[in-house]
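J.: One structure follows; several queries about it will come next.
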Amino acid sequence: MSDITPSQTVGPYFAYGLAPHSRCHWQPSPHYDSKETVGANLITPDATGQKIHIEGSVLDGDGKPINDAMIEIWQADSQGRYAHARGEKPRPNAKFTGFGRSATDKAGVYSFDTVKPGVVPGPDGKPQAPHIVFCIYSRGMLRQVYTRLYFSDEASNAADPILTLVPADRRVTLIAHKEMRGELAVYRFDIRVQGENETVFFDI
Amino acid sequence: MTFIYPRESLSVYPKHLSPEYKSTVKRSPSKPLIIVPHTLSELTGPAFGHDAVQEGDNDLTKQHKGEPLGERIIVHGHVYDEDKRPVADTLVEIWQANACGRYVHNVDQHPAPLDPNFTGAGRTVTDKNGHYKFVTVKPGAYPWGNHPNAWRPNHIHFSVFGQSFVSRLVTQMYFPGDPLFPFDPIFNSVTDEKARLRMVSSFDLENTIPDWALCFRFDIVLRGREQTPTHTEKH
Numbered sequence: 037m038s039d040i041t042p043s044q045t046v047g048p049y050f051a052y053g054l055a056p057h058s059r060c061h062w063q064p065s066p067h068y069d070s071k072e073t074v075g076a077n078l079i080t081p082d083a084t085g086q087k088i089h090i091e092g093s094v095l096d097g098d099g100k101p102i103n104d105a106m107i108e109i110w111q112a113d114s115q116g117r118y119a120h121a122r123g124e125k126p127r128p129n130a131k132f133t134g135f136g137r138s139a140t141d142k143a144g145v146y147s148f149d150t151v152k153p154g155v156v157p158g159p160d161g162k163p164q165a166p167h168i169v170f171c172i173y174s175r176g177m178l179r180q181v182y183t184r185l186y187f188s189d190e191a192s193n194a195a196d197p198i199l200t201l202v203p204a205d206r207r208v209t210l211i212a213h214k215e216m217r218g219e220l221a222v223y224r225f226d227i228r229v230q231g232e233n234e235t236v237f238f239d240i
Numbered sequence: 005m006t007f008i009y010p011r012e013s014l015s016v017y018p019k020h021l022s023p024e025y026k027s028t029v030k031r032s033p034s035k036p037l038i039i040v041p042h043t044l045s046e047l048t049g050p051a052f053g054h055d056a057v058q059e060g061d062n063d064l065t066k067q068h069k070g071e072p073l074g075e076r077i078i079v080h081g082h083v084y085d086e087d088k089r090p091v092a093d094t095l096v097e098i099w100q101a102n103a104c105g106r107y108v109h110n111v112d113q114h115p116a117p118l119d120p121n122f123t124g125a126g127r128t129v130t131d132k133n134g135h136y137k138f139v140t141v142k143p144g145a146y147p148w149g150n151h152p153n154a155w156r157p158n159h160i161h162f163s164v165f166g167q168s169f170v171s172r173l174v175t176q177m178y179f180p181g182d183p184l185f186p187f188d189p190i191f192n193s194v195t196d197e198k199a200r201l202r203m204v205s206s207f208d209l210e211n212t213i214p215d216w217a218l219c220f221r222f223d224i225v226l227r228g229r230e231q232t233p234t235h236t237e238k239h
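Protein chains in written order, with this note's numbering: chain S, 37 to 240; chain D, 5 to 239.
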């Protein structure tokens, strides 16, 4: 039996502590204004590559929006490099962390501004298609769930070593669909926690 | 040093669906999770420098003009990996109700007073020994709607990072001897008693400061151990 500390739900009131300036409907009054340690805009002045916007709804088993969820994302930079602390070479875009956090708003919608990640090394030397790791927390979730966002305009998805482990009929739940909003590429990625078209979650 | 994250360690976690906690019924995956190997995307994670926090962010009693009401306490401990090695330089965030059991969040409608001198959020980064420390007030118990006369035990929410994105932990720290333990479906969603008690802090007389504040110790163990021939994970 492992000695790790068990997980507990993030509960309904995390916003003022973890995501005070996010989309959440907790509005910090001047009196209780809180600091933001991690935000939903990952774009730093030194970030390279294509700037993109990601947004989507988080839905429960009845298809109702979850208005008190928190999403965290972890991604490589446009060159496929993770800003990991240990053993990495200095990168020219050292300020780009690849980590972001968004709460959902009243309509259950989260969003991020970031850059499109590059191809990342995978198992057995096979490349992984560009992707972003998603981690979802909310009231009613006693432990976080992990999923991945893949991009609809990437031919390399077909050979991705993780995506190909997913039953073919469920892969669609991991693909974010691109639409142009003026000059900005917006990727729509809804997360269905349960039920019909349930998003694929990974046991990692 | 190469870290591995055996899935077996997660056996102490609550099940996604724990019907006694009603909100899990519609918010838990119904299809089996898909087992995937740990790639670079899972084995890496965000790094935080000490610039992620500011001096004083770990003292929740000094964020306003006056001192908050309630019982001043010190909460400290170490963050470890599964080999009991300290996890240095990792971000620890907390949030909690005030001494009356009220959160500043506007969704919280519990008719207990807000405290103009208490927000209830703090953060710090562990030192080279994996140690963290907060000064705060003891949070109050509060009612919730899960079942008739449901009350949450006193608790402080914790968010911790660790070596990689898969060592990420969000949990709750409880206080020793709470009479509400037997009735709380969130606490009891951890069915293994030893594991459940790892979420309960211990009273720390040695670090209690005379004439000033009681101290509670809460050590946190995150996923991750050094890869050795006997610990090779099978995918």
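Just so it is clear, CB atoms sit at the ideal spot from N, CA and C, and this is done for glycine as well.
What you are looking at is a predicted structure, and each value in this text was computed from that prediction instead of being measured.
Does any residue of chain S have a CB that is nearer than 8 Å to the CB of Asp188 of chain D?
T.: On the second sequence, residue 188 of chain D is found 184 positions in, with the first residue counted as 1. Taking Cβ atoms only, chain S never reaches closer than 8 Å to Asp188 of chain D, which makes this a no.
J.: What is the rounded straight-line gap between the Cα of His57 of chain S and the Cα of Thr232 of chain D?
T.: As a working note, residue 57 of chain S is residue 21 in the first sequence. As a working note, residue 232 of chain D is residue 228 in the second sequence. Each residue's Cα considered, the two are about 43 Å apart.
J.: Rounding to the nearest angstrom, what Cα-Cα distance links Lys198 of chain D and Asp39 of chain S in this structure?
T.: Counting from 1 along the second sequence, the entry for residue 198 of chain D is found at position 194. Counting from 1 along the first sequence, the entry for residue 39 of chain S is found at position 3. Taking the straight line joining both Cα atoms gives about 9 Å.
J.: I need the DSSP call for Pro166 of chain S, collapsed to helix, strand or coil.
T.: The count along the first sequence starts at 1 and reaches residue 166 of chain S at position 130. Coil.
J.: Let me know if Met106 of chain S comes out buried or exposed under the rule of 16 or more other beta-carbons within 10 Å of its beta-carbon.
T.: For the purposes of this step, residue 106 of chain S is identified with residue 70 of the first sequence, where counting begins at 1. So Met106 of chain S counts as buried.
J.: Please confirm whether His167 of chain S has its beta-carbon closer than 8 Å to some beta-carbon of chain D.
T.: As a first step, residue 167 of chain S must be located in the first sequence, where it is residue number 131. Judged by the 8 Å Cβ criterion, His167 of chain S is in contact with chain D.
J.: Quick check: is the beta carbon of Arg227 of chain D nearer than 8 Å to any beta carbon in chain S?
T.: For the purposes of this step, residue 227 of chain D is identified with residue 223 of the second sequence, where counting begins at 1. Yes, contact with chain S.
J.: Counting only beta-carbon atoms, is Ala52 of chain S nearer than 8 Å to chain D?
T.: As a position in the first sequence, residue 52 of chain S is number 16, starting the count at 1. Per the sequence shown, the amino acid found at residue 52 of chain S is Tyr instead of Ala. Yes, because at least one Cβ of chain D sits closer than 8 Å to the Cβ of Tyr52 of chain S.
J.: Ignore the nearest five residues each way along the sequence and tell me which others in Phe179 of chain D's own chain have a CB closer than 8 Å to its CB.
T.: Locating residue 179 of chain D in the second sequence gives position 175, counting from the first residue. Excluding residues within five positions, the ones whose Cβ falls inside 8 Å are Lys142, Pro157, Asn158, His159, Val204, Ser205 and Phe220.
J.: Quick one: grab the DSSP three-state call for Pro159 of chain S.
T.: Translated into the one-based positions of the first sequence, residue 159 of chain S becomes position 123. Pro159 of chain S: helix per DSSP, three-state reduction.
J.: For Glu71 of chain D, which residues in the same chain have their Cβ closer than 7 Å to its Cβ, ignoring the five residues on either side in sequence?
T.: By one-based count along the second sequence, residue 71 of chain D stands at place 67. Hits under 7 Å: Thr65 and Asn121.
J.: So, is the C-beta of Glu237 of chain D closer than 8 Å to a C-beta in chain S?
T.: Translated into the one-based positions of the second sequence, residue 237 of chain D becomes position 233. Since pLDDT at Glu237 of chain D reaches only 49, below the 50 mark, its modelled position is unreliable, and the value read off the structure follows with that caveat. It does not; no Cβ of chain S falls within 8 Å.
J.: Determine, for Ser58 of chain S, whether the minimum Cβ-Cβ distance to residues of chain D falls below 8 Å.
T.: The residue labelled residue 58 of chain S in the question sits at position 22 within the first sequence. It does not: the Cβ of Ser58 of chain S has no partner Cβ on chain D nearer than 8 Å.
J.: Which chain S residues sit within Cβ distance under 7 Å of Gln176 of chain D?
T.: To locate residue 176 of chain D, count along the second sequence from 1; it is residue 172. By Cβ distance, chain S contributes Gln44.
J.: Spatial neighbours of Asp160 of chain S within its chain, please: CB distance less than 8 Å, with the 5 preceding and 5 following residues excluded, ordered by chain position.
T.: On the first sequence, position 124 is the one that residue 160 of chain S refers to. Excluding positions up to five away in sequence, the list reads Pro197.
J.: Just to check my reading of the structure: Ser168 of chain D and Glu46 of chain D have Cβ atoms closer than 8 Å, yes? What is that Cβ distance to the nearest angstrom?
T.: Numbered from its first residue, the second sequence carries residue 168 of chain D at position 164. Numbered from its first residue, the second sequence carries residue 46 of chain D at position 42. Yes, Ser168 of chain D and Glu46 of chain D are in contact; Cβ-Cβ is about 7 Å, under 8 Å.
J.: Report all residues from its chain with a CB closer than 7 Å to the CB of Tyr118 of chain S; omit the five preceding and five following residues, and keep chain order.
T.: Translated into the one-based positions of the first sequence, residue 118 of chain S becomes position 82. Cβ within range, chain order: Ala112 and Gly134.
J.: At what residues does the alpha helix (DSSP H) containing Leu47 of chain D begin and finish?
T.: Start at 1 with the first residue of the second sequence, and residue 47 of chain D comes out as number 43. That run of the alpha helix (DSSP H) goes Leu44 to Leu47.
J.: Grab me the residues of Asp119 of chain D's own chain with a C-beta within less than 6 Å of its C-beta, minus the 5 sequence neighbours each way, in chain order.
T.: Along the second sequence, one-based indexing puts residue 119 of chain D at 115. Once the five neighbours on either side are set aside, the close Cβ partners of Asp119 of chain D are Pro72, Leu73 and Asn102.
J.: Got a sec? Which residues, its chain only, sit under 6 Å from Gly231 of chain S by beta carbon, not counting five neighbours each side?
T.: Here residue 231 of chain S is taken as the residue at index 195 of the first sequence, counted from 1. Once the five neighbours on either side are set aside, the close Cβ partners of Gly231 of chain S are Gly97.
J.: Considering Gly53 of chain S, what are the terminal residues of the alpha helix (DSSP H) in which it resides?
T.: Stepping through the first sequence from its first residue, residue 53 of chain S is reached at position 17. Residues Ala51 to Leu54.
J.: Could you tell me if Ala165 of chain S is buried or exposed, where buried requires 16 or more neighbouring beta carbons within 10 angstroms of its beta carbon?
T.: What you label residue 165 of chain S is simply residue 129 of the first sequence in a count that begins at 1. Counting Cβ neighbours within 10 Å, Ala165 of chain S comes out buried, since at least 16 surround it.
J.: In chain D, which residues lie less than 7 Å from Tyr68 of chain S when you measure between Cβ atoms?
T.: For the purposes of this step, residue 68 of chain S is identified with residue 32 of the first sequence, where counting begins at 1. Neighbours of Tyr68 of chain S on chain D, chain order: Val108 and Thr123.
J.: Got a sec: is the Cβ-Cβ distance from Phe132 of chain S to anything in chain D below 8 Å?
T.: By one-based count along the first sequence, residue 132 of chain S stands at place 96. With 8 Å as the cut-off, Phe132 of chain S does not count as an interface residue toward chain D.
J.: Closest to Ile213 of chain D by C-alpha separation, out of D:Pro36, D:Arg76 and D:Gly49, would be which residue?
T.: Along the second sequence, read from residue 1 onward, the residue named residue 213 of chain D stands at position 209. The residue with the shortest Cα to Cα distance from Ile213 of chain D is D:Arg76.
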